[in-house]
DNA sequence: CTGAAAGCGCTAACAA
DNA sequence: TTGTTAGCGCTTTCAG
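Residue numbers (this note's numbering), protein chains in the order written: chain A, 43 to 375; chain R, 43 to 375.
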C-alpha cells in the first residue's frame, strides 16, 4: 500500500503538499497539484483513514445503538438513519442491544472510547446516571424515540397518540373499547405505557368509564397479541373496538378476529399504532408516527450538533397522523 | 482524556509496560501490573482504539455491504450477521446500497481504504472485474447469497429450491402451475431467475409442458405481486397453483386470491420462497432458505479467514427445507 | 521483567 | 506557495 510519502517522492514534493492536495487546500499551485494528482493516480494511492483519524481526532463515524432488529419499527427508523447519513460523509457503526446489560455497556463505553464522533440511540431510554454521563461526554448524543431532559431527543408523543387512536374510536360511536399491548413495565421503551395513558385519558375526557376487563397486556409479537385478542373477544360483553399498542399487535388482533369469525370492521373496529409497512398491506387504520422520519431527523440533529458544537439539548417532537384505512368503522348495534 | 503516558507517569513505569498490561502480556510482574491497573482505574483511562488501529494495522471492524433494507430477507440476514458478530471482538459498519453505482463505489473503495479488516457482501453479486479486485485485496471478502468462483461464498441453491417448490405442487397433483416473480433480469440478485429455472426444470422432469401464459414477472413488492396474481387468476384457464418467487410476493398472491374470492388452498395452492417471519404468520407454505443462518455462516467464514489467513475461496451451501403449512393442498377437480 | 525509542500514516503549525 | 517537523496515542522491537 503506497503512503503519502511515496506520492510525495514520486511527485518530487513534500508530504505536506500532498496532504494539501488531498484536503483541497487552496494554497497549491496548479502545476504542483497536477503533478501530485498524477502521482496519486499512478500509484493508485488512497489515504489511510485511520491515520487521518488519529491525526485529526475525527472518525467521521456515527455509532447507532438500537435494540436487536426484531421489530419492524426499529428497522424503519434505522432506514431513516441510513438514508440521512448517506448524504453526509459519516459512516455508521451498528451496536445492537439484546439485553439490558449490553445496553448499559454500550452507554458506558461508546462515549469514551473515541471510536465515533457522535451517538444515535434508538428506542432505548437511558437512566439519569447514564444520561448525565452522555451529556458530559464530549461526544454528542441524540436520542430517537426516547426522552431525557439532559439530552437532545427526537420524540413521539405517545400519550397524545394513544388519545388520538382512542378518540377516533370514540368518534365512531364506540364505547366498549379494548386496549391491548406489550407489558406496560419494561426495561426498554415505555411507549406502551404512555399509549395506555392516552387511552385512559381519552376515555375519561369523554366520560366513558374504564373497564379493567378491556385492558390486557403481555409479551410482544403478533401471535401473543392474537392470544390476548382471543381473550378479549371471548368476554361475556366483548369490546366493539380494540386499540392495539402497535401495528404488529393490531395484525395479531385481525388474525384472532378472523379465526373467531368476527368480522372487521363490521363487528369489530381495530386500530394500530406506528405506521409500519405491514399496516399498509393489511389496510389497517393506525396512528402514523413517522418512523423513517424520526431516523432522518435524528441524524440531522446530530450532524448539526457535530458541526456547530451547539450547546443545550434540543427536543423535537414528531407529528402524529391518524391514517384511516378499512379496519375501523362507525359502531352500529 | 488521559493517555497511556499519563497512566505510565502515575504508575511510575514506562509506557511500554502499560501497553503490556493493556494487552495481557505475560511478562509483567504482579506488583507492576497492580500498580498500572490502579493508575488506569484512578484516571478512568480507556485506550484509544484509533491509535491502536494505526499501530497494529487491525481495525477490528467488519464492513457489511448490502442493499437498502427494503426487503425482510436482507434484514433477516443482517440479523444473523449481527448475532454472530456480537460473539466476536469485531464491530460492524453498514454500507447500504441504493443503486448500482453506489454498489460499485463500495466494491471499489472498501477493500483498499483500510477502514475494515474484512468485508461481508449480502445479496450483491460482483462482476468478474470486481471479484478479481476483491480477491486480490489483502482484505478478505465473503459473499452471502451471491456467487463468484474467485471468492468465498455462502450460497443458496435457488435452482434446486425452485425445483423443490414446484415439485411439491406437482406431488400434490397440480399440473397448471403458475410462476410469479421479480423481473428475471436485474442488476442485483438474480435469484428469481434461478428459481424460475428450477421451476422449468421440475416441470420438464415431470413431463408437464411449460405454458408461457403461466409465467409472469414484474416489479418487486407485495402489491405488484397481487397485481400479477390478479392477471394469472383472470386467465381463461387459470393455474391451480402458484409458486411465488419470494414470500412477500406469495403474500401478495394471497391478497389477490382473497380479493377475487378464490379460496386458498381449496381452489388455489400457493407456495413462497425464503422463510421470512411473515410466512410464519400467514401460514404460508414455503421453501426455507435459512436466512438468519446465512448471516451467521458468513461471519464464521470471514472470521476464520481473518484468523487463519486461509488461502483458497470456500464455497458453502445452505440447506433448503420445504415448510408445509396451510396454503398448499392436494389438487381436486 | 522493564524502559527507551522508533514507527504506524496522516495533519497542521511554523518557517522559508 | 512550499517543505520540515512535531505530534496524534498506541504497539513493538531492542537493549538492559
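The beta carbon of each residue, even a glycine, is placed where N, CA and C say it ideally should be.
Residue 200/R sits away from residue 230/R, with the two beta carbons spaced by 8 angstroms or more. Against chain R, the CB of residue 90/A has a partner CB under 8 angstroms away; the residue lies at that interface. From the beta-carbon of residue 156/R, the residues of chain A found nearer than 7 angstroms are 90, 91, 92. Interface flag for residue 277/R against chain A is unset, since no Cβ pair is found closer than 8 angstroms. Sixteen is the threshold: when 16 or more other Cβ atoms of the shown chains lie within 10 Å of the Cβ of residue 118/R, as they do, the residue is buried. In this structure, residue 264/A and residue 323/R form a Cβ contact; the two beta carbons are roughly 5 angstroms apart against a cut-off of 8 angstroms. Straight-line measurement puts the Cα of residue 333/A at about 26 angstroms from the Cα of residue 350/A.
Collapsing the DSSP output to three states places residue 233/A in a helix. When Cβ-Cβ separations below 8 angstroms define contact, residue 172/A makes no contact with chain R. Checking the DSSP bridge columns, you'll see residue 224/A partnered with 260/A. Interface annotation, residue 145/A: not in contact with chain R, CB-CB separation never under 8 angstroms. When 8 angstroms is used as the limit between beta carbons, residue 124/R is near these residues of chain A: 110, 111, 136, 138, in chain order. According to the DSSP secondary-structure assignment, residue 286/A is paired through a beta bridge with 222/A. Exclusion of the five residues before and after residue 219/R leaves 208, 211, 212, 241, 245, 250, 256, 281, 282, 283, 284, 285 as the residues of its chain whose Cβ lies within less than 8 angstroms of its Cβ.
Residue pairing from DSSP places residue 137/R in a beta bridge opposite 107/R.
Residue-level contact check: residue 76/A does not touch chain R, since none of the beta carbons of chain R fall below 8 angstroms from its beta carbon.
Here the C-alpha atom of residue 127/R lies approximately 17 angstroms from the C-alpha atom of residue 157/R.
Excluding sequence positions up to five before and after residue 74/A, its CB lies within less than 7 angstroms of the CB of 55, 59, all in the same chain and listed in chain order. DSSP lists 195/R as the bridge partner or partners of residue 357/R. Residues of chain R whose Cβ lies closer than 7 angstroms to the Cβ of residue 117/A are, in chain order, 111, 117. Residue environment for residue 178/A: exposed (fewer than 16 other C-beta atoms within 10 angstroms of its C-beta).
In this structure residue 318/R is in contact with residue 115/R, their Cβ atoms being roughly 6 angstroms apart against a cut-off of 8 angstroms. Here the C-alpha atom of residue 103/A lies approximately 29 angstroms from the C-alpha atom of residue 174/R. For residue 60/R, the enclosing alpha helix (DSSP H) begins and ends at 57 to 64.
Using a Cβ-Cβ cut-off of 8 angstroms, residue 323/A is close to 264, 265, 293, 297 of chain R, given in chain order. Between residue 335/R and chain A, the shortest Cβ-Cβ separation is not below 8 angstroms. The stretch 312 to 369 of chain R contains, as complete beta strand (DSSP E) runs of 3+ residues, the segments 328 to 330, 357 to 359, 363 to 365 (chain order). At a cut-off of 8 angstroms between C-beta atoms, residue 101/R counts as an interface residue with respect to chain A.
Our two residues, residue 88/A and residue 106/R, have alpha carbons roughly 20 angstroms apart in a direct line.
Contact annotation for residue 121/A against chain R: 110, 111, 112, 138 [CB-CB distance below 9 angstroms, chain order]. Three or more Cβ pairs drawn from the stretch 341 to 349 of chain A and the stretch 157 to 171 of chain A lie within less than 8 angstroms of each other, which places the two stretches in contact. When C-alpha distances from residue 354/R are compared across 325/R, 183/R, 311/R, 373/R, the shortest belongs to 183/R. For residue 183/A, the pairing in a beta bridge is given by DSSP as 161/A. Setting aside the 5 residues that flank it on each side, residue 66/R has no residue in the same chain whose C-beta is closer than 6 angstroms to its C-beta. In this structure, 315/A is the residue among 253/A, 315/A, 133/A, 306/A with its C-alpha nearest to the C-alpha of residue 328/A.
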